[in-house]
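One structure below.
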Ligand code: MF3
Ligand code: CO
Ligand code: CO
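In the numbering used here, the protein residues as written are 28 to 296.
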C-alpha cells in the first residue's frame, strides 16, 4: 500500500522525482548485467537450476537483494520459462536441449530500488520458427517503448504492441501484464500489452513501470500448472517475452535495464 499520497495521480500512479531516476538506473543496470553474464552459460545440457544458482550468486556478490526470493513464497532469484512456458517457470533439474528457447527474468533490489528485466536465450541452434517469434516479440516491446511518452496513454502502448504482434499472425497473452515499480516490485497501473489508442491513464513524467509482452505462436490462452507458478500456453505453442523497466521523461522515456554489453536481443551478440 502506498501511504504517502502526495505524488499519486488520480489513477493512483506514483510520480517519482528527477533524483529517483538514478536509483532506478543503478538497479536496472545490475539486473541487465546479470542477464548479459548468464548468456554464455545457456547451452544444451545445462540445467535451469544451475543458471539460477549462478544468478543468485551474482546478485549476492553485487551486494544486492533478489526481489523474487520470498516473494509470495517463490524461492528463486530468477524465473526461467522454456519453450511453451509463458512466464514464471521455476528453475530446476531439467536439462536444456538443442533448440530450446527460454526467457530468463531477474528482479534485483539495489538501495531500495527495483530493477526488473527479462530476455530470450537459445540453447544451441535457433529453430527458424522460434527465431521469428523472438524477433517479433522483441520488436513488439520496442514498439510499446516508442509509444511511452507524456501525453500518450497506456492504451497507446498496448495497442502498439498488439498491432505489431497480430500483424505477424502471432497472439498477445492477456493473462499477465506489466506493472508500476520503483521502491516496490508491483504497483499500479497494470500495463496491458493490448488495447485501444487513447484509452487508459495518461502517461506523465516520473512514472516508472515495466513493459513485458508475452507473445505466442499459437493462441493467447494460458493455464497455470499444479506448482501454482508455471504458466504455459494451453495449445502448447511456443511463447516468448522481453521486459524492460522504464521511466517517463519530459519527452519520452529512459530505459533503466539496457544491456551494458548490447546483447539484449540474443542474435545481436
Ligand atoms: N519478474 C516478474 C515480473 O516481471 C515477476 C516474477 S515474481 C516471481 O513481474 F515470484 F515469480 F518470481
Ligand atoms: Co515485471
Ligand atoms: Co520480470
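From the three backbone atoms N, C-alpha and C, an ideal C-beta is built for every residue, glycine too.
Taking residue i as the reference, which of the options has the closest Cα?
i: residue 77; options: 92, 89 and 103; result: 103
i: residue 132; options: 172, 81 and 268; result: 268
i: residue 89; options: 122, 118, 55 and 230; result: 55
i: residue 150; options: 182, 123 and 82; result: 123
i: residue 64; options: 81, 158 and 51; result: 81
i: residue 241; options: 168, 46 and 142; result: 168
i: residue 289; options: 229, 160, 146 and 155; result: 146
i: residue 47; options: 254, 235 and 293; result: 235
i: residue 243; options: 197, 255, 72 and 45; result: 197
i: residue 225; options: 176, 201 and 157; result: 176
i: residue 142; options: 162, 112, 207 and 161; result: 207
i: residue 52; options: 79, 130 and 144; result: 144
i: residue 223; options: 190, 254, 249 and 210; result: 190
For residue i and residue j, what's the separation of their Cα atoms in angstroms?
i: residue 270; j: residue 237; result: 7 Å
i: residue 140; j: residue 245; result: 36 Å
i: residue 172; j: residue 280; result: 8 Å
i: residue 298; j: residue 188; result: With the chain covering only 28 through 296, there is no way to say anything about residue 298.
i: residue 10; j: residue 227; result: No statement about residue 10 is possible, as the shown extent of the chain runs from 28 to 296 and does not include it.
i: residue 121; j: residue 218; result: 32 Å
i: residue 182; j: residue 126; result: 35 Å
i: residue 273; j: residue 283; result: 5 Å
i: residue 278; j: residue 174; result: 11 Å
i: residue 215; j: residue 37; result: 11 Å
i: residue 294; j: residue 75; result: 20 Å
i: residue 239; j: residue 163; result: 13 Å
i: residue 256; j: residue 184; result: 27 Å
i: residue 258; j: residue 158; result: 21 Å
i: residue 229; j: residue 93; result: 31 Å
i: residue 91; j: residue 62; result: 15 Å
i: residue 276; j: residue 43; result: 10 Å
i: residue 72; j: residue 66; result: 14 Å
i: residue 248; j: residue 113; result: 10 Å
i: residue 205; j: residue 130; result: 15 Å
i: residue 261; j: residue 119; result: 22 Å
i: residue 292; j: residue 192; result: 17 Å
For residue i versus residue j, is the C-beta spacing smaller than 9 Å?
i: residue 59; j: residue 286; result: yes
i: residue 212; j: residue 98; result: yes
i: residue 148; j: residue 128; result: yes
i: residue 221; j: residue 165; result: no
i: residue 231; j: residue 40; result: yes
i: residue 105; j: residue 266; result: no
i: residue 86; j: residue 135; result: yes
Within 10 angstroms of its Cβ, does residue i collect 16 or more other Cβ (buried), or is it exposed?
i: residue 35; result: exposed
i: residue 194; result: exposed
i: residue 110; result: buried
i: residue 28; result: No answer about residue 28 holds up, because its pLDDT of 49 lies below 50 and its placement is not dependable.
i: residue 100; result: exposed
i: residue 115; result: buried
i: residue 155; result: exposed
i: residue 68; result: exposed
i: residue 153; result: buried
i: residue 137; result: buried
i: residue 252; result: exposed
i: residue 45; result: exposed
i: residue 254; result: exposed
Establish whether the CB of residue i and some CB of chain D are separated by less than 9 Å.
i: residue 219; result: Note that chain D does not occur in the displayed structure, where there is just one protein chain.
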